Amino acid sequence: MSNKRSTDDNIDEQQIKKFKDKEKEKEKNLPFENVYLQSLPNALMYEKSYMHRDVCSFIEVTNKSEYLISVDVLGFLKFWKKQPVGIEFVKTFKAHSELGCAAISVSHNGDYLCSVGFDKNVRVFDVNNFDLINSFKIPFIPLTCQWIGSKDSGLQRIAISSQESPIIYIYNAKGSSNTTTNNSNNNVTFTEETSAEDQDKQLLLAQVKIHKQPVHLMKYSETLNAMVSTDLSGIIEYWCVNEPFSEPEDLRFQYKIETDLYDMVSQKTYACSLEFSTNSKYFSIMGRDKKLRIFNYKTGKLYRVYDESYHVLNEIQKSDDPNYALDSGDFGKRMAVERDLDNHIDQFHNSVSNIFKQHSSTSQQQQQQGKQSSTPGYIVLPNLNILFDHDDNFIIYSTMIGIKIVNIKTNKVARLLGKIESSTRFMNLKLYQGKNEGNAFLGTKKQDSEPDPTVFCVAYKKQRFYMFTKREPEDTDNPDLGRDVFNEKVKKDDLLMGGGVGSASKTLPRNAVIHTTKGDIYLMLFPDECPKTVENFTTHAKNGYYDGVIFHRVIKGFVIQTGDPLGDGTGGTSIWGKEFEDEIHRSLRHDRPFTLSMANAGPGTNGSQFFITTAPQPRLDNKHTVFGRVYKGMETVVDIEKVKTDSEDKPLQDIHIMSIKISNQVPEEYLKKK
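The sequence shown begins at 108 in our numbering and counts up by one.
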């Protein structure tokens, strides 16, 4: 019998190669992608936003019990209930002092919520009953928390990390393991006289000592019954949530050096977020270096890396890709906000690092320096998290240009939400993909209800949280029915600056007459929708700021522009001495000639210059604030439009504003022309 290799062996190898190639091809394609995308939001603009008393810092969604919890920096916590369409407010708690909330976490089944505050208080809530069921103090400044509760155990625990040490403390969420009480539910009640140390002793179950730096991010997987945690140095650890808190047994590596878990350490960066995929096969991390890392949990290997660094953003901007490139002024503004956000992240890292060093040192001098800090460690890490959809085919994360939905099978951006929202930097995303049928008792029951996929999120330095759905905002002339719901009192400072709707808008003028050397132009103003813009314009007019100013830019079939004391388009300032934000309203568009709008050099750069359109200009929508319409004197606008101009669109013969007369009421017959 010959030992020569047979052709059957070659066929087997070829078949194996073809099989592997097909598997790779499958990985690059996602069958029925459009079907999966139907269960994700697709609106270009956020549909609704709701207010908090101050900057909104945290948000959580319980997909099983269908509740939303939002928290602000003043320690106020709000419960909201998901409805077949939208949400409904339920209840407010003052969970923590003005020092604020450090972190929140919900149980896997959505029944419980814990919040830890910089006041060292831990609050435990029953979500379904909107009730505070436990409260205790801890003897350290908390950093983050994570709820631990498995299907096999009735014991509900909370893991809380400290800014002062690398230790993770495990507490009994609802009772004490070290003391016996007469209560059937084993809850422990503390009085005001009970010290934090005594409360800690009664509720503390264990301490996890596997890190060498403070742990600022933790994520528990009920499927794996394991925790992934990462510290300020970039170290990632896996550990079982039961003593002795060893490494899980089902991993496909023996030593971490075989994995990519040291990638952040080697790149000298650290994590800004941590999330598990729905099936716990992957976990995602957004690094301080702006790289998105998706790890395979069992192998510890990197599955995907996406780069959202400044270098990449600049290259995209240079490419002029219409899907992602921005107006140059808009890009500069967003980049400034992004750098401010990065500075905030660095402040958080430095603050926690300094506290850790102070508490680790035995030097009396360093201890005294720690006491001198007025607000030690009261900085919250902005959560730039990366979500997985329920089928683990897409990741959803926020960037400078909007919220991206990326197909991780094909490595392609499937959708971009919120690109048009130029003044808002979204973050801390939460995804709801359920189907709410309402409540028969409340009269909201719907048998034919459809899924209402929603991305909830907060925004950097904004006192609102936002909802992206499959619906665009409704067009309405009523500011009370707009997408930005004023469910809280507007700050006094905002009213004084004209930044909100309230009594301030009611007292602002609604009528203006521009007396020019070509004739008079009568304007109807919109203080309800654009209070700050109208206040700026009318105050300048009353003070004579516009008197003698020329129309420095006239383009036939486009606009006539004025408002610059320098007369060349480079000057002018607001009544506050600085640029102010846009007040773009969906009911006020550049959809007709004789529209009064603010000139700017990009988002949030309004000063004193304004223009009047001489034809519909929809391309100006969402870029310039419409704050009035011409209701009389259109012929004057047309006469100005017809004048001869030089190569820079400046009239050869100056046309001046002689004065602007301001009054409170628009003649009744013109109000319908809004």
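Using N, Cα and C, we set each Cβ at its ideal position, and we do this for glycine too.
Note that this is a predicted model, so its numbers are computed, not measured.
Residue pairing by DSSP places S681 opposite no residue, since no beta bridge is assigned to it. Residue pairing by DSSP puts S269 in a beta bridge opposite P249.
In the pairwise beta carbon analysis, the segment 658-674 is classified as not touching the segment 683-694: fewer than three pairs are separated by under 8 Å. R441: member of the alpha helix (DSSP H) spanning 435-467, first to last residue. Around the C-beta of L311, 16 or more other C-beta atoms lie within 10 Å, and the residue is accordingly described as buried.
Counting C-beta pairs closer than 8 Å gives three or more between the segment 511-526 and the segment 496-503, which meets the contact rule.
Within the segment 601-665, the complete alpha helix (DSSP H) runs of at least 4 residues fall at 610-614, 638-649.
Judged by DSSP secondary structure, Y431 falls outside any alpha helix (DSSP H); it is assigned neither H nor E. Per DSSP, the continuous beta strand (DSSP E) segment holding Y276 begins and ends at 275-279. Taken through DSSP and simplified to helix, strand or coil, K188 comes out as strand.
Residue pairing from DSSP places S704 in a beta bridge opposite F718, V733. In the assembly as shown, N235 is an exposed residue. Its beta-carbon has fewer than 16 other beta-carbons within 10 Å.
With a threshold of 16 other beta carbon atoms within 10 Å, D453 falls short and is exposed. Of the residues assessed, R446 falls on the exposed side of the cut-off, its CB having fewer than 16 other CB atoms within 10 angstroms.
Under the three-state reduction of DSSP output, H763 falls in the strand class.
When the alpha-carbon of G525 is set against those of V641, K625, M507, the nearest one is in M507. Just measuring C-alpha positions, the residue of F232, I275, S164 sitting nearest I245 is I275. Contact between the segment 146-156 and the segment 167-175 is absent: fewer than 3 CB-CB pairs across the two stretches fall below 8 Å. Exclusion of the five residues before and after R699 leaves P723 as the residues of its chain whose Cβ lies within less than 6 Å of its Cβ. When secondary structure is reduced to three states using DSSP, P725 falls in the helix class.
Counting every other CB atom within 10 Å of its CB across the protein chains shown gives M765 a total below 16, marking it as exposed. Contact holds between the segment 248-258 and the segment 320-331, because three or more Cβ pairs, one in each stretch, are under 8 Å apart. Ranking A266, Q361, Q309 by CA distance to the CA of K316 puts A266 first. By the Cβ-count criterion, K730 is buried, with 16 or more other Cβ atoms from all chains shown falling within 10 Å of its own Cβ.
Distances from the alpha-carbon of C208 to those of Y629, I486, A378 put I486 closest.
Looking at the DSSP output, Y413 bridges to L399. Judged by beta-carbon spacing, I628 lies beyond the 7 Å limit of V733, meaning their Cβ atoms are not closer than that value. The DSSP-derived three-state label of Y143 is helix. According to DSSP, M325 shares a beta bridge with S336. Secondary structure note for S373: its alpha helix (DSSP H) is the uninterrupted segment 370-373. Short of 7 Å from the beta carbon of L250, and not among the five residues preceding or following it, lie these beta carbons of its own chain, in chain order: A209, S268, S269, Q270, P321, V322, H323, V459. For M574, the enclosing beta strand (DSSP E) has its first and last residue at 571-575.
Residue pairing from DSSP places E344 in a beta bridge opposite S336. Judged by beta-carbon spacing, F390 lies within the 7 Å limit of F402, meaning their Cβ atoms are closer than that value. Annotation: D449 to G341 spans about 17 Å, alpha carbon to alpha carbon. A check of alpha carbon separations from S222 across S164, E173, F196, G193 identifies S164 as the nearest.
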